[in-house]
Amino acid sequence: MISVADLLKNDRVPGNYFAPATYVRGDLELGILENRRGDRLLALPETLIRSIYTGLEKETGQATRLVLFNCGRWWGKNFYSRFCEEVSEYYDTPVSEMEMVLFLQCLRECWVAHGLGKLDLDQSFQHRGFLVVTISHSPFVAQVKDSQRPACFLEAGVLSSFFTQLSGRELHCVQTSCESLGASTNHFILGLETRLAAVEELLEEGLDHDSILARLCP
Amino acid sequence: MNLEFESIFDRAEGRYLKAEELNTLTLYVESLPERLDAYKRLRDHEIEVLQSVADQIQVDLPNASIEDLERAIKNLLVVLRYCAMAMLLNDEVFLRERLLGWLEEVNRAFNLRPINEALYGLLSQGLKQELSPPQFALLCPYVTLAQASLVGSA
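So the sequences go chain by chain: Z and F. In terms of the working numbering, the first sequence has 16 at position 16, counting the first letter as 1, and numbering is strictly consecutive. In terms of the working numbering, the second sequence has 1089 at position 89, counting the first letter as 1, and numbering is strictly consecutive.
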């Protein structure tokens, strides 16, 4: 027997915590942008993003990728703990007991609510040890000019750190297609670093995402 | 706020509302007592309506897992609450943007479509019995919208 009354926790059924209309709030007079819990949000003008990318490229050249990737790792680490805190509080369930579908759906919504683009996951390669993530309309890569290779290093860092903490295993992340190179979306492959080593070489050879994936999972 | 009202108020910046704009507002205000009554009725009889839906669905779909049924009924609860609020506000965007997009993904991931198909039929019957015809007419478009998005989408 299903009891409807028992399905209600404190007479409340949670909806979409990250619905932008309720998640993002602001006070124009105070110049404050915050989320529904009152945590401060930061709006980044495109000029700043562009300047960071251009400045880094000028100052550090080749190392830009690594700098951005590591910044992303750091960001991802904090992002993961904030995310878990908010989600478990709202859904009144510890993240460890939350259904993965709900957890990932929250991540998608959270990504959109923060204006970071549209994130999606393809778990069909999970049994081979890989997770494929796509991010469309990345606000970061939109500012990248004249890139020769995939340029979402920041996001790759965030994803690697986020899923490392989620899975409890050290996961690396490599981007295999990029909007800055004319692709319709940005593809990322996550997996153990040793297993992803080949991807860098395949990218150098000029292989596209599908071909790289086919080589990884023959 | 309802987008239509919002645009009426925006357009009227610095002038008085035109007759047809006032008419739109008047229609809404006049419908408000009925909306409030329907809302209160839903609030007070939610458990009964959904409990009979829950009892019947277990008879209609004896092979569905309890876990899936509970999940779908829980989603139905939240849908009904959002529909009630959307009806009160006369605002389908409220329902669509705050809930349906999100639920569509959850439904797809758990493959709840066949259960939802049966659930929404039962819910409609239950609501028809619980609400007066004008109240049902006010709520119906929102339930239909939810149904289209959660049953209609593969």
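Ideal Cβ placement from N, Cα and C applies to all residues, glycine included.
On the three-pair Cβ rule with 8 Å, is the stretch 1033 to 1042 of chain F touching the stretch 1052 to 1059 of chain F?
Pairwise C-beta distances place the stretch 1033 to 1042 of chain F out of contact with the stretch 1052 to 1059 of chain F, as fewer than three of them are shorter than 8 Å.
May I have the straight-line CA-CA distance separating Glu1034 of chain F from Ala1137 of chain F, to the nearest angstrom?
Each residue's alpha carbon lies about 11 Å from the other.
With DSSP as the reference, identify every bridge partner of Arg25 of chain Z, one or two as the case may be.
The partner list for Arg25 of chain Z (beta bridge, DSSP) reads Z:Glu34.
List the residues of chain Z whose Cβ lies closer than 8 Å to the Cβ of Leu1069 of chain F, in chain order.
Correct list: Ile2.
In chain order, what residues of the same chain lie with their CB nearer than 7 Å to the CB of Ala19 of chain Z, ignoring the 5 residues before and after it?
Cβ neighbours of Ala19 of chain Z within its own chain (closer than 7 Å, five residues either side excluded): none.
Nearest-angstrom Cα separation, counted from Arg108 of chain Z out to Leu119 of chain Z
Leu119 of chain Z and Arg108 of chain Z: Cα-Cα distance of roughly 5 Å.
The stretch 1027 to 1057 of chain F: positions lying closer than 7 Å to chain Z by Cβ:
Those residues of the stretch 1027 to 1057 of chain F placed with their C-beta closer than 7 Å to a C-beta in chain Z are Ile1047, Leu1050, Gln1051, Ala1054, ordered along the chain.
Could you spell out the range, first to last residue, of the beta strand (DSSP E) harbouring Gly191 of chain Z?
From DSSP, the beta strand (DSSP E) with Gly191 of chain Z extends over 186 to 191.
Could you give the residue range of the alpha helix (DSSP H) that holds Val158 of chain Z?
Per DSSP, Val158 of chain Z is one residue of the alpha helix (DSSP H) stretching across 153 to 167.
Out of Z:Phe79, Z:His114, Z:Val199, state which residue places its alpha-carbon closest to the alpha-carbon of Leu166 of chain Z.
Minimum Cα distance to Leu166 of chain Z is reached at Z:Phe79.
Contained alpha helix (DSSP H) runs [length at least 4] in the stretch 44 to 71 of chain Z, N- to C-terminal order:
For the alpha helix (DSSP H) assignment, the uninterrupted runs of no fewer than 4 residues enclosed by the stretch 44 to 71 of chain Z are, from N- to C-terminal side, 46 to 60.
Chain Z contact for Arg1096 of chain F (CB, 8 Å cutoff):
No - not a single Cβ of chain Z is within 8 Å of the one on Arg1096 of chain F.
Using a Cβ-Cβ cut-off of 8 Å, state whether Leu1131 of chain F counts as contacting chain Z.
So, not an interface residue.
Taking only three categories from DSSP, how would you classify Cys173 of chain Z?
DSSP places Cys173 of chain Z in strand when its eight states are reduced to three.
Does DSSP put Leu1122 of chain F in a helix, in a strand, or in coil?
Leu1122 of chain F falls in the helix class under three-state DSSP.
Leaving out five residues before and five after Gln126 of chain Z in sequence, what residues of the same chain have Cβ atoms less than 7 Å from its Cβ?
Non-local beta-carbon contacts of Gln126 of chain Z in its own chain, meaning distances under 7 Å to residues more than five positions away in sequence, are absent.
When you compare the CB of Arg1113 of chain F with every CB in chain Z, is at least one pair closer than 8 Å?
No, Arg1113 of chain F lies away from the interface with chain Z (no Cβ there is under 8 Å from its Cβ).
Can you give, in chain order, each stretch of the beta strand (DSSP E) that sits fully within the stretch 82 to 129 of chain Z and has at least 3 residues?
118 to 122, all fully within the stretch 82 to 129 of chain Z.
Using a Cβ-Cβ distance cut-off of 8 Å, determine whether Ile1008 of chain F contacts chain Z.
No - not a single Cβ of chain Z is within 8 Å of the one on Ile1008 of chain F.
Out of F:Thr1024, F:Phe1009, F:Val1053, which one is the CA nearest neighbour of Met1 of chain Z?
Cα-wise, what sits closest to Met1 of chain Z is F:Val1053.
With 16 as the cutoff for other CB atoms within 10 Å, does Cys152 of chain Z come out buried or exposed?
With 16 or more Cβ atoms within 10 Å of its Cβ, Cys152 of chain Z is classed as buried.
Checking contacts by CB at 8 Å: is Tyr1142 of chain F closer than that to chain Z?
It does not; no Cβ of chain Z falls within 8 Å.
Along the alpha helix (DSSP H) that carries Val1029 of chain F, what are the first and last residues, could you check?
Annotation: the continuous alpha helix (DSSP H) that includes Val1029 of chain F extends over 1019 to 1060.
For Gln1051 of chain F and Val4 of chain Z, believed in contact at Cβ under 8 Å, the rounded distance:
Indeed they touch by this definition, with Cβ atoms about 5 Å apart.
Looking at chain F, is there any beta carbon in it that lies within less than 8 Å of the beta carbon of Ala156 of chain Z?
For Ala156 of chain Z, the closest Cβ of chain F is not nearer than 8 Å.
Using a Cβ-Cβ distance under 8 Å, would Gln126 of chain Z count as near chain F?
Gln126 of chain Z does not count as touching chain F.
Work out the CA separation of Arg25 of chain Z and Glu1021 of chain F for me, nearest whole Å.
Straight-line Cα distance between these residues: approximately 30 Å.
Answer yes or no: does any C-beta atom of chain F fall closer than 8 Å to that of Gln148 of chain Z?
No, because no Cβ of chain F sits closer than 8 Å to the Cβ of Gln148 of chain Z.
Could you check whether Tyr1082 of chain F and Leu1069 of chain F sit closer than 8 Å to each other, using their CB atoms as the reference points?
In this structure, Tyr1082 of chain F does not lie closer than 8 Å to Leu1069 of chain F by Cβ.
Indicate whether Glu155 of chain Z and Gly55 of chain Z have their beta-carbon atoms separated by less than 8 Å.
Taking a C-beta distance under 8 Å as the contact criterion, Glu155 of chain Z and Gly55 of chain Z do not qualify as a contact pair.
Would Glu231 of chain Z be called buried (16 or more neighbouring beta carbons within 10 Å of its own) or exposed?
Residue 231 of chain Z cannot be examined here, being either before or after the span of chain Z that is shown, 1 to 218.
Could you tell me whether the stretch 171 to 189 of chain Z touches the stretch 131 to 145 of chain Z, where touching means 3 or more Cβ pairs closer than 8 Å?
Under the three-pair Cβ rule at 8 Å, the stretch 171 to 189 of chain Z counts as touching the stretch 131 to 145 of chain Z.
What three-state label does DSSP hand Ala5 of chain Z in the structure shown?
Ala5 of chain Z falls in the helix class under three-state DSSP.
Quick one: list the residues of chain F neighbouring Val13 of chain Z, beta-carbon separation under 7 Å, in chain order.
Within chain F, the residues near Val13 of chain Z are Lys1074, Leu1077, Val1078, Arg1081.
Suppose you measure from the CA of Asn1075 of chain F to the CA of Glu170 of chain Z; what does that come to, to the nearest Å?
So the two alpha carbons sit approximately 35 Å from each other.
Could you check whether the Cβ of Phe1110 of chain F sits closer than 8 Å to any Cβ belonging to chain Z?
Yes - at least one Cβ of chain Z is within 8 Å of the one on Phe1110 of chain F.
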